[in-house]
Every structure is written in C-alpha cells, then in structure tokens.
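Visitor:
Residue numbers (this note's numbering): 2 to 668.
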C-alpha cells in the first residue's frame, strides 16, 4: 500500500445538513392566557412589597384587586360555564376560595392563589399550542410543488395537492419526494428516516415504494403516484397524532378524582353547620363563628397539598437529572406503567452509522488502517451517510484521506476515484462484486463471503476495490447506546414484562439489536410504519396495559400520543416527537427512564402518606368543631399546621437522595 495514502489529518469540515422543514413555534405572549397571567403576576409583585412595608391599604389594595380580575376572569368564566352544565369545576372553586380568603382579610393569599392558577393555565395553553405547531410543521416536510411528467415527456411544475393517482413525477437529486408512489425508473438512495426511522438511506430502483416527504439522494427517480396527498403516509401521521391527542381519555390527578364530591359536600355542609344550630335556638354569633371555623378546618388545602408537592418535587428532581416531565399528571402516570415499547434507531441506538468492522482480504497486502484510509480517500467528497461514517472512522484513527481526482458517484452502486494513481471503488457488494475482472477468483469469493457474514449479523457491508480487484470489506452499523441493555433489564424488573421493540428498520437488524439488549424474539416487531407502531400500542392499551412508549422520531409520534405515557429522546428527537411526548430525556441518558419511573412511584407513595396525614387532621378538627367548641385560632393553627406538615413531607423528593433511592429501586 503506498504510504502517501496515509497522511496527517486536517481539520474536519462540517458535514452538509440536508434541508429541513421551517420550524413553527408559537410565541409565549401570542397567547391571551399568557398575557393575562403575566399581568396578574406583575400586579401581585408590585402590591406585595407595598403591603409588607405597612403603607396605606389604598396603595396596594387596588393592585391586588386588579390582580384578581386579570388573573381570575377567564377561569371564573370557565367555571360558570361548567356550572351551567351542572358540573362543579375546579376553576370556579379556586376563584371562590380566593374571594373567600379576601373576605376574611387574607387578600394576599387569595391573590397568590389567583396568580398560581393563572400561570398554570397559561403553561397548559402554551404546551397545547406548541404541540399543534409541531403537528402543522410536519406537513412542511412534504414539498409544496412537484415536477409532473406528461405522456409526451413534457414537464410542468404543479402543486403537490393537484397530483392524482396515476400521475408520473420526476424527483431530482436532493429533492423531497412529492407523493407516495412507486419508482418507474432510475436508481438512487432515499433517506426515509422521517417515515420508517431507518438510520441509513435505502437504495431505490424500479418497483420500489417511496413516501412523500422523504429526501432523495444523488440519483433521479421517475415515480408513479399511488396515493392522494390527503392519504399519504405523512398526512396520516398528522391525522393520527391529532386524533390520539383529542380522543385520549382525560386524566386527572388522584386527588382531583374525589375533588368533586368533597367540594359539593363542603358547599352543602357549611350552610348546614350555620343553620341547623340556629333552628334549635343557638346564638347567631356563635353559630356563625362555628360555621366559619368549620369552613377553615374542612378546607381542602392540606388535601390538595398532599398531592402537588410530592409530584412537583419529583418533577424538579427529575429535571436536575436530565428528564423533563411536562406536568404533575404525567409524573403520576409514569408510575402507573406496566408495559414498555421501545423504538430502535436513535433510542436504543445512537442514530448515527459507524464503522464496526474492517476486514482486509487475505493476500491484499493491506492492514486495517491502510484499507480504511483507502476507502476514506475515495469517499471523502461524498455526502452519503455511509461515506461520512467511513471518513469519520479514518479521522478517529488519525488517518486523513489522500488527494484524489476523477471522483464519480453512481447512485445505488458506490463511488469511484483515482487515488495516488490507482482506481479505488467503494460501494455495495451486490453491485460491485458482479462486475470485477474475475468473479471466480479467491479474492472475490472471500469478499462476497465476508460481506454476507457482516450482513447476516445486521451490518451494512461496503466492499473496497483497488484497480477493480476486491481488497477488503467494511461493516457499518448504528452503534448501540452503552446503557441500552441495562435499561432494558431495569424496565423489565420494574414492569414485570420484557419491553417490546417497535422499529421501521429491517427484521435482521432489529433481531440482532434485540438479542444484544435482551429483548426476546416474540417482542420484536420490525418493518413498521408509523400507523403500525400506534396500532401495536393500541392493542396493548386495549388489553388493559398502561404502556410507556420511548422514541425520538416523527415516525414515533403517533405511538407517543396514543400511549399511557410517552417519553422522547431529546438531543436528536424531532420537533413533533418532543412536543407530543409527555416527558423528554434531555441529555439522551437512556438509564434515566427507569429511574424516573421509580421516582414517580415514590411520589405516589408519598401522596398516600400525605393524604392519611391530611385526613387525620381534617377529620379530627371537624369532629372537635362539631362536637365540642374548637376555638377559631386553634382551628386555624391546626389547619395551617397540617398544610405545612404535608407540604414539607412532599418536599423530601427534592433531595438527591430520593433520586439515588429510585436508582436502587430499579435493581
């Protein structure tokens, strides 16, 4: 091997990034809910220091009143609307509680309640808007125009919405496919990761199916349209995400499930506590004082705080360790899961092809480094993902591609270049080994057997020819995340069942990876389109399983939306997956997923503890007030004391020790 093929590396050039869809993103203050919440917060922050400095109430009272109005009018209206439908809505109860606090002199407490409630509503509205943005932005992946070819061969540019089944379209190199269809002629590689999640472009030739929105490679394709734009795979992804989001049964926190009955009971009981003693001749003042005391001690403050601090503390703790959980409802759901479905590419794997095997042909005279340098030199100008994997592998070993000339890229075959005066060809074994000078010689047979062995192991084989003779084979595969096998084992222990693998990749690659991480053959489902993944999750849910789906791509979004809880990998996750998911693994540390499930279960246990504490305090104080003579200050002290106790108990999950205990619980 000539020494001038191995040189010192130069600074790597940034790889070209294919065109992506423009990002849609609703601005925070474009939402009315956010503007009202911000106004209420600003008024509260101005009024609070004025009140604390003991200036006249005329200076801070109107500010608090304005905060009540700006932050409370929307939830009050929503509550009154629900009341017309004979439903006692939490919005209305919160407003009544705030007004009640103001009526007994606790103006600041009521204003704070309004601000917290308005902010919560604004965040919910923002999350909804961002999800809708991501769904609408998915449609931007599909081009708006396409080149239609008439029967006489003439070409015209038409909107993709006007394409009809049976039309023929021309897809030039670098363009996105305009419609679902089948290739009539031409050879190219198509990046269809948005649809199938496959990490590498797929070779397409006559008779192969292509999907709207996928990115064509270096060849030109003539495609016959087989589906209307409204029925394309990408349009159906949008429809499935929207449908799943709308039809998913509304879930509530545990405490909210009993809130209606408790609230109705309290509304009925308070007047009764006042009126019944009056009917038997009790003193008006004493009856009113007893009723006020009852209203305070029976108030569900401690019961409400029994739920929120543990869940919010768990959310904060998870966030510090790289998992963004979007709401308290989601945190509660994560602890309920008893089945897991995992995506492959970008989730269990890193989503980037890498050279895994370097096998020189015996007798070629090449070492592994020499073979890799030779391939990298020929592949250096190419933008194909396999080419970038080869060049990156050479650079990692300290090898830099030599100068080359006469570079030619043939779609579906490979590349050819002249390196140091010799012809180097790198490409698909099936294409190149049939066109060598002698298909019966030993080198060709060994190269073919090596390629077959690599492909049998789930790798993509790339053969290297030097002056038309095979000199080696490279194996390329998507690398498994280091913590993938341990994560699968932890999830199995937590849920009591082996996770299911749902992937659009080919069955051979899926089976190889499943075996590496410990997923059994019956749980491996490969070659799936997005709707197939959602249907698989739907079948689990229909059997009563509460399923967690872990994915990262556009093709995972329908399954993420349909699942009991959806978790997206954040670093390489698509916008649609990130917005559709209930939680995001921000640092791409797969091992945090079972830990956050265990943390959620710890939060649920703490909620039960708090409910017991709150129930004991509330029932004890109520019985004392009704059967005896509970002094109002003592009632307030007992009520506030129980609230503080359950609040502090819930905050225990803020400590790092809680995360470490959750980690131990997964083992």
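Beta carbons are placed, not taken as given, at the ideal position from N, Cα and C, and that holds for glycine.
In the DSSP assignment, find the unbroken beta strand (DSSP E) run with residue 172 in it and report its ends.
Guide: Residues 169–172.
Visitor: Out of curiosity, what's the CA-to-CA distance linking residue 547 and residue 331?
Guide: Their backbone Cα atoms lie some 13 Å apart in a straight line.
Visitor: Which whole-angstrom value describes the C-beta separation of residue 38 and residue 119, a residue pair presumed to lie in contact below a C-beta threshold of 8 Å?
Guide: That belief holds up - the Cβ atoms of residue 38 and residue 119 are roughly 4 Å apart, short of 8 Å.
Visitor: Is it right to say residue 551 is buried, meaning 16 or more other beta carbons lie within 10 angstroms of its own, or is it exposed?
Guide: Classification of residue 551: buried, given that the 10 Å Cβ count is 16 or more.
Visitor: Residue 514 and residue 350 - do their beta-carbons sit closer together than 9 Å?
Guide: Against a cut-off of 9 Å, the Cβ pair of residue 514 and residue 350 comes out as a contact.
Visitor: Can you tell me whether DSSP reads residue 318 as helix, strand or coil?
Guide: Reduced to three states, the DSSP call for residue 318 is helix.
Visitor: DSSP on residue 157, reduced to helix/strand/coil?
Guide: Reduced to three states, the DSSP call for residue 157 is strand.
Visitor: Express the C-alpha separation of residue 339 and residue 495 in angstroms, rounding to a whole number.
Guide: Cα-Cα distance, rounded: 8 Å.
Visitor: Spell out the partners DSSP gives residue 477 in its beta bridges.
Guide: Bridge partners of residue 477: 356 and 461.
Visitor: Using the C-alpha atoms, what's the distance from residue 54 back to residue 284?
Guide: Going by the C-alpha atoms only, they are around 40 Å apart.
Visitor: Is residue 76 helix, strand or coil when you go by DSSP?
Guide: Helix, per DSSP.
Visitor: Compare the Cα-Cα distances from residue 186 to each of 606, 173 and 394 and report the closest residue.
Guide: Comparing Cα-Cα distances from residue 186 to each of 606, 173 and 394, the minimum goes to 173.
Visitor: Taking residue 355 and residue 390 to be in contact with their CB atoms under 8 Å, please state how far apart those CB atoms are, rounded to whole angstroms.
Guide: About 6 Å; that satisfies the 8 Å criterion.
Visitor: Can you have a look at residue 565 and say buried or exposed, based on whether 16 or more other CB atoms are within 10 angstroms of its CB?
Guide: Flag for residue 565 reads buried.
Visitor: Quick one: what's got a C-beta closer than 6 Å to residue 64's C-beta in the same chain, skipping five residues either side?
Guide: Answer for residue 64: 44, 47 and 48, listed in chain order.
Visitor: Suppose contacts are defined by Cβ-Cβ distances below 9 Å. Is residue 444 in contact with residue 452 by that definition?
Guide: Taking 9 Å as the Cβ cut-off, residue 444 and residue 452 do not qualify as a contacting pair.
Visitor: Which value, in whole angstroms, describes the spacing of the CA atoms of residue 401 and residue 220?
Guide: Approximately 28 Å between the Cα atoms of the pair.
Visitor: By the DSSP assignment, the alpha helix (DSSP H) with residue 536 in it spans what residues?
Guide: Looking at the DSSP string, the run of the alpha helix (DSSP H) that includes residue 536 is 531–543.
Visitor: If I'm right that residue 147 touches residue 170 with Cβ under 8 Å, what's the distance once you round it to whole angstroms?
Guide: Indeed they touch by this definition, with Cβ atoms about 5 Å apart.
Visitor: From what residue to what residue does the beta strand (DSSP E) around residue 408 run?
Guide: That run of the beta strand (DSSP E) goes 405–411.
Visitor: What does the Cβ neighbour count give for residue 669, buried or exposed, with the cut at 16 atoms within 10 Å?
Guide: The structure shown does not extend to residue 669, since the chain is modelled only from 2 to 668, so the question has no answer here.
Visitor: Select from 586, 295 and 466 the residue whose C-alpha is nearest the C-alpha of residue 379.
Guide: Measuring from the Cα of residue 379, the nearest candidate turns out to be 466.
Visitor: Quickly, what does DSSP pair residue 570 with across the bridge? List them, please.
Guide: DSSP lists 586 as partners of residue 570.
Visitor: Would the beta-carbon of residue 659 fall within 9 Å of that of residue 579?
Guide: Contact: no.
Visitor: Quick check on residue 491: does DSSP put it in helix, strand or coil?
Guide: Residue state, collapsed to three classes: helix.
Visitor: Which residue comes first and which comes last in the beta strand (DSSP E) that contains residue 345?
Guide: Taken as a continuous stretch (DSSP letters only), residue 345 belongs to no beta strand (DSSP E), as it is neither H nor E.
Visitor: State the Cα-Cα distance for the pair residue 526 and residue 457, rounded to the nearest angstrom.
Guide: For residue 526 and residue 457, the distance between alpha carbons rounds to 18 Å.
Visitor: With DSSP run on the structure shown, which of helix, strand or coil describes residue 213?
Guide: Of the three classes helix, strand and coil, the one that applies to residue 213 here is coil, per DSSP.
Visitor: With DSSP as the reference, please indicate the residues paired to residue 470 in a beta bridge.
Guide: In DSSP, residue 470 forms a bridge with 467.
Visitor: Just verifying my parser: in three-state terms, what is the DSSP assignment at residue 149?
Guide: Looking at residue 149 - three-state DSSP - the assignment turns out to be strand.
Visitor: Compare the C-alpha of residue 435 against each of 159, 464, 410 and 409 and name the closest.
Guide: Looking at the Cα atoms, 464 is the closest of the given residues.
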